[in-house]
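For reference, the structure is listed below as structure tokens.
Residue numbers (the numbering used here), protein chains in the order written: chain V, 1 to 401; chain X, 402 to 658.
As structure tokens, this is what we get:
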């Protein structure tokens, strides 16, 4: 899938070959565990999916199309060793071939591993193709009473709203990357203490590929019918962050939001703080029509020159958008329980731009789905370049097992 | 949603809530109520653990859904999806009127807002609300013994259930066949307010599940929709299992399997 014409970010990471040492004990753990051999009734969970997706991207329909085909497989092996210990590994294998492979720098971005350990392996690569394998989850979880410790590559999801998550400081991701709902993991240690059935305290720390540290503490409470959270810490060794998030309802409509403040640690740079805030509401009608509105504001000064530059995975939570005001709307409707359609749109007033994303999904058999997605961007990133347009379309067949 | 479909949902919810969340009314002297009460008691306990396969058949499609369910009283329940594959591992937690959905693939717990409670649960004929509400065939109806009939080789009471005026119930009338021996419900017929038959529910595969003998297979057939059917089979069910309140927590939600 072609997602980038220009590569803004370098991939200058100090590789230290942590991947294999981390992987080997985990694999041995699975293979030689007596309980695994017996496959205790439900203690071993194995699942995944295989998808094939054809994609096309162009700026104008008469311009050269960038077409790609992606064969994508995900495998999960989870082992509930006993009442206290759970381990989990998940592997993402991708075989991509097509025009985007010829774009300079694209392969580097495609294979980038943001974790402290480089657990992304290029198994084969040529002019027009790449075979990539990534270990995006590899963790062990220990529970003792109200305590829970989780170490390894994991997803720490602090988001409350749907499209943009300013609170989600451990794993930033792009809303447009719909084909990777699991999102990358981060190499982290997470400690949680549950103070009640729906409240807890958490302290988490992660190190990324640039050896930058993100560490924060979180308090979650549930007074009445609202889930509330408050956190503070350090983001990428650079910013002091503090924030709050909630999810609850106003009347029958869901209502959630997130607010995060960023203050550079090094005040000598003379740079002030920043703020990001999302608000979201959704309502499901009796006929199952689902409507969602979301708003994001970011005070951060972005300097993107095009949609394609932004499109690929953002590196930090501060880069989940490219402009100050973002207004999102979505309707989705299941025509039958097996066939559903969604239309989402985003309005970006500051760049006089918008995004449209219609999609259709059909469940052919219990475990087989076919989906069609379109993404259309239109806006003025800078006056010199004028109005830019970008169209992407995807047809995906997905088999889950 | 068409009125019929809505009623249909309610019925399914009804037989589900009988198992998981129903509560009892004060015992009354009327024999018919006593019979219904005993039949209802049979299908519930202080707590329960069950494994269920639900099969939804429509003229143009079918869907099979399997899950494990834990419940305690009317306040707490937890459901772990085991099939279909793409939804396997999802967990639903209900505590009083609140409900959460844990989605392990994205590592996130989503709080379900009230408007979503009326939406189909996992593409089935049940709504989220059906999982949470606490209606009762004992409390919400007046019961009248109208005769005895033999059904599938069992001597049965035939009981007419008429909703109480204040009860928020969609049916105009229900006929229920309950065995004289063992108080097993074998059949229910649901009528709308105009007196037309809407759904027939057949219960079978009577099994000893440990501390009691109950039907473990439910079949719901709408009267005027050929080719439509929903079945639920309790492949495993155990009552009065020891479950602490703390079992039904956001912490444990990520751990059950």
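In this text, a Cβ means the ideal position worked out from N, Cα and C, and glycines have one as well.
Output needed for residue i: all residues of its chain with C-beta closer than 8 Å, excluding positions within five of it in sequence on either side, in chain order.
i                      : result
residue 370 of chain V : 361, 362, 364, 395, 396, 397 and 398
residue 175 of chain V : 163, 164 and 320
residue 250 of chain V : 281
residue 144 of chain V : 84
residue 465 of chain X : 454, 455, 456, 457, 484 and 485
Tell me which same chain residues have a C-beta within less than 6 Å of the C-beta of residue i, skipping the five on either side of it?
i                      : result
residue 23 of chain V  : Only weak support exists for where residue 23 of chain V lies, its pLDDT of 45 falling under 50; the value from the coordinates is given anyway. Nothing listed; no residue qualifies.
residue 179 of chain V : none
residue 72 of chain V  : 51 and 94
residue 591 of chain X : 412, 572, 575, 599 and 600
residue 377 of chain V : 307, 355 and 390
residue 473 of chain X : 448 and 644
residue 654 of chain X : 492, 494 and 503
residue 602 of chain X : 589 and 621
residue 14 of chain V  : Confidence is the limiting factor: at residue 14 of chain V the pLDDT is only 36, short of 50, which leaves the residue's position unreliable, though a coordinate-based value still follows. Counting only Cβ-Cβ distances below 6 Å, and skipping sequence neighbours, we find nothing.
residue 75 of chain V  : 48 and 91
residue 111 of chain V : 120, 122 and 132
residue 404 of chain X : In this prediction, residue 404 of chain X has a pLDDT of 29, which is less than 50 and means its spatial position is unreliable; what the coordinates show is noted afterwards. None.
residue 79 of chain V  : 44 and 87
residue 222 of chain V : 198 and 199
residue 67 of chain V  : 56, 98 and 99
Label residue i either buried or exposed according to how many other C-beta atoms from any shown protein chain fall within 10 Å of its C-beta, with 16 as the threshold for buried.
i                      : result
residue 155 of chain V : buried
residue 147 of chain V : exposed
residue 621 of chain X : buried
residue 25 of chain V  : Low per-residue confidence applies at residue 25 of chain V: pLDDT is 44, beneath 50, and the placement is therefore not dependable, though the value from the model is reported in the following sentence. Exposed, by the Cβ-count rule.
residue 544 of chain X : buried
residue 328 of chain V : buried
residue 299 of chain V : exposed
residue 258 of chain V : buried
residue 651 of chain X : buried
residue 645 of chain X : exposed
residue 85 of chain V  : exposed
residue 623 of chain X : buried
residue 100 of chain V : buried
residue 604 of chain X : buried
residue 409 of chain X : Residue placement at residue 409 of chain X cannot be trusted, given a pLDDT of 35 that sits under 50; what the coordinates show is reported in the next sentence. Residue 409 of chain X is buried by the Cβ-count criterion.
residue 104 of chain V : exposed
residue 479 of chain X : buried
residue 463 of chain X : exposed
residue 278 of chain V : buried
residue 233 of chain V : buried
To the nearest whole angstrom, what separates the beta carbons of residue i and residue j, a pair I think is in contact under 8 Å?
i                      : j                      : result
residue 252 of chain V : residue 515 of chain X : 4 Å
residue 210 of chain V : residue 115 of chain V : Not confirmed; about 11 Å, so no contact.
residue 208 of chain V : residue 236 of chain V : 7 Å
residue 325 of chain V : residue 297 of chain V : 6 Å
residue 255 of chain V : residue 248 of chain V : 6 Å
residue 401 of chain V : residue 47 of chain V  : 6 Å
residue 195 of chain V : residue 294 of chain V : Rounded, the Cβ-Cβ distance is 30 Å, inconsistent with contact.
residue 352 of chain V : residue 380 of chain V : 5 Å
residue 152 of chain V : residue 138 of chain V : 5 Å
residue 470 of chain X : residue 579 of chain X : About 24 Å separates the two Cβ atoms, so there is no contact after all.
residue 564 of chain X : residue 597 of chain X : With a Cβ gap of about 16 Å, residue 564 of chain X and residue 597 of chain X do not count as contacting.
residue 204 of chain V : residue 190 of chain V : 4 Å
residue 549 of chain X : residue 583 of chain X : Wrong, their Cβ atoms sit about 15 Å apart, outside the cutoff.
residue 637 of chain X : residue 452 of chain X : 4 Å
residue 69 of chain V  : residue 97 of chain V  : 6 Å
residue 384 of chain V : residue 357 of chain V : The pair is not a contact, with the Cβ atoms about 28 Å apart (cut-off 8 Å).
Got a sec? Which residues, its chain only, sit under 7 Å from residue i by beta carbon, not counting five neighbours each side?
i                      : result
residue 172 of chain V : 314, 315, 316, 317, 319 and 320
residue 642 of chain X : 448, 449 and 450
residue 183 of chain V : 155, 171 and 173
residue 338 of chain V : 362 and 363
residue 323 of chain V : 302, 348, 350 and 351
residue 304 of chain V : 310, 322 and 381
residue 89 of chain V  : 26, 77, 135, 137 and 138
residue 243 of chain V : 166, 167, 231, 258, 259, 260 and 261
Any heavy atom of the ligand ATP closer than 7 Å to the beta-carbon of residue i?
i                     : result
residue 99 of chain V : Ligands are entirely absent from the displayed structure, and the ligand ATP is therefore not among its contents.
Within the stretch 497-583 of chain X, ranges of the alpha helix (DSSP H) (whole runs, at least 4 residues): 529-533
Inside the stretch 181-217 of chain V only - alpha helix (DSSP H) runs reaching at least 4 residues: none
Unbroken stretches of the beta strand (DSSP E), 3 residues or longer, contained in the stretch 451-492 of chain X: 463-473 and 477-484
Cβ pair count under 8 Å reaching 3, the stretch 224-239 of chain V against the stretch 482-496 of chain X: no
Entirely enclosed beta strand (DSSP E) segments - the stretch 209-296 of chain V, minimum 3 residues: 213-221, 227-235, 239-250, 253-264 and 274-284
The stretch 80-96 of chain V / the stretch 122-138 of chain V touching (three or more Cβ pairs under 8 Å): yes
Validate contact between the stretch 430-440 of chain X and the stretch 542-562 of chain X using beta carbons, cut 8 Å, 3 pairs: yes
Continuous alpha helix (DSSP H) assignments of at least 4 residues falling wholly in the stretch 132-175 of chain V: none
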